[in-house]
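A short worksheet on the structure shown next.
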Amino acid sequence: MFHPIPTLSIFMRFDIITLFPEEFLRALSFGVVGRAIARGDVQVQCYNPRDFTTDAYKRVDERVYGGGPGMVMLLEPLKLALAQIRAADAPPAPLTLLSPQGHTFNQAHARAMSLRPRIILLCGRYEGIDQRFIDSYVDEELSIGDYVLSGGELGALVVIDAVTRLLPGVLNKAASAEQDSFENGLLDCPHYTRPEKAPEGDVPDILKGGNHGEIARWRRMQSLGQTWLKRPDLLAKVPLSKVDAKLLAEFQSNLKSS
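No gaps in the numbering here: position 136 of the sequence shown is 160 in my numbering, and each next residue is one more.
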């Protein structure tokens with residue numbers, strides 16, 4: 025079923041295989057993604073494997089061969105759902121399975137995926153998916169973290185949100201995406217708004233002075249410092265220029281003296 029959208033140019037099409045299409049589309053109807061769908065920048069179509077079953081019970085899972093707990097999603101309904109997706113009049117695209125066994129999804133993945141005209145996501149459920157389907161039809165597996173969820177829907181929503189906000193014109197200002205955490209390998213700097221003074225602290229004076237060069241320098245220093253404090257593993261992967269190294273040293277010195 026299609027999410028209703030105006031007939032406008034589309035930057036990205038998402039095809040989703042999920043057992044919960046109504047709930048999935050409802051979750052996409054808010055915020056940045058909801059506005060992108062309403063404008064026609066993004067199109068989302070869901071395919072329910074139950075619609076591709078042949079038995080009266082619309083069964084999409086069966087017991088595990090070899091014994092053990094849990095049920096496994098059947099190969100045939102997924103195969104037929106994918107065949108319908110592939111037959112659609114849309115650009116070809118790889119099939120991405122949301123799985124705890126996949127590569128960890130990050131900003132670099134989101135940026136690369138945002139360049140595609142189409143993304144196909146498979147949301148698994150139960151104990152897993154028949155391995156024959158994975159071996160034959162899945163092109164890539166992605167995970168949103170080292171933990172197990174009840175299904176792939178939340179992971180797919182994360183991917184859609186992260187990718188959509190990188191599409192041209194989706195955010196009011198392109199710089200909003202460019203300055204996000206992880207976009208340059210670092211965490212974002214702190215942000216402040218009104219009031220200038222509060223019992224919890226005051227807005228740093230440098231942000232109120234109007235010197236854009238000094239503000240940019242402070243933000244870069246804070247970005248480096250926050251990454252050093254909270255995610256040193258990220259900082260170790262970023263080649264620091266002499267200027268960056270000096271800014272980080274200044275941040276560390278200020279921290280010790282405060």
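For every residue, glycine included, the Cβ atom is placed at its ideal position computed from N, Cα and C.
Check: Check for me: the beta strand (DSSP E) holding residue 171 runs from which residue to which?; Outcome: Neither: residue 171 is in no beta strand (DSSP E) and is coded neither H nor E.
Check: By the three-class DSSP mapping on this structure, what secondary structure does residue 47 have?; Outcome: helix
Check: According to DSSP, is residue 256 helix, strand or coil?; Outcome: helix
Check: Kindly indicate which three-state DSSP category residue 149 falls into: helix, strand or coil?; Outcome: strand
Check: Tell me the residue span of the beta strand (DSSP E) that contains residue 86.; Outcome: 85-87
Check: By the 10 Å Cβ neighbour count, where 16 or more other Cβ atoms means buried, how is residue 171 classified, buried or exposed?; Outcome: exposed
Check: If we count the other Cβ atoms within 10 Å of its Cβ and call it buried at 16 or more, is residue 101 buried or exposed?; Outcome: buried
Check: The beta strand (DSSP E) that contains residue 126, what's its start and end?; Outcome: 119-128
Check: I'd like the span of the alpha helix (DSSP H) that includes residue 167, first residue to last.; Outcome: Per DSSP, residue 167 belongs to no alpha helix (DSSP H); it is in the beta strand (DSSP E), 164-167.
Check: So, helix, strand or coil for residue 35, using DSSP?; Outcome: coil
Check: Going by DSSP in three states, residue 156 sits in which element: helix, strand or coil?; Outcome: helix
Check: Would you say residue 79 and residue 98 are within 8 Å of each other, going by their C-beta atoms?; Outcome: no
Check: Can you have a look at residue 31 and say buried or exposed, based on whether 16 or more other CB atoms are within 10 angstroms of its CB?; Outcome: Its pLDDT being 36, under 50, residue 31 is placed unreliably by the model, and the measurement read from it follows with that caveat. Looking at its Cβ environment, which holds fewer than 16 other Cβ atoms inside 10 Å, residue 31 is exposed.
Check: Classify residue 63 as helix, strand or coil using the three-state DSSP reduction.; Outcome: helix
Check: Near residue 227, what residues of its chain come up, given a Cβ to Cβ distance below 6 Å and the 5 sequence neighbours on each side ignored?; Outcome: 216 and 220
Check: State the Cα-Cα distance for the pair residue 94 and residue 151, rounded to the nearest angstrom.; Outcome: 5 Å
Check: For residue 218, does the three-state DSSP call read helix, strand or coil?; Outcome: coil
Check: On the DSSP bridge list, what partners appear for residue 68?; Outcome: 38
Check: Name the one or two DSSP bridge partners that residue 142 has.; Outcome: 37
Check: Report the rounded CA-to-CA distance for residue 127 versus residue 96, giving the unit in angstroms.; Outcome: 22 Å
Check: Am I right that residue 186 and residue 105 are in contact with their C-beta atoms under 8 Å? What's the rounded C-beta distance?; Outcome: Wrong, their Cβ atoms sit about 24 Å apart, outside the cutoff.
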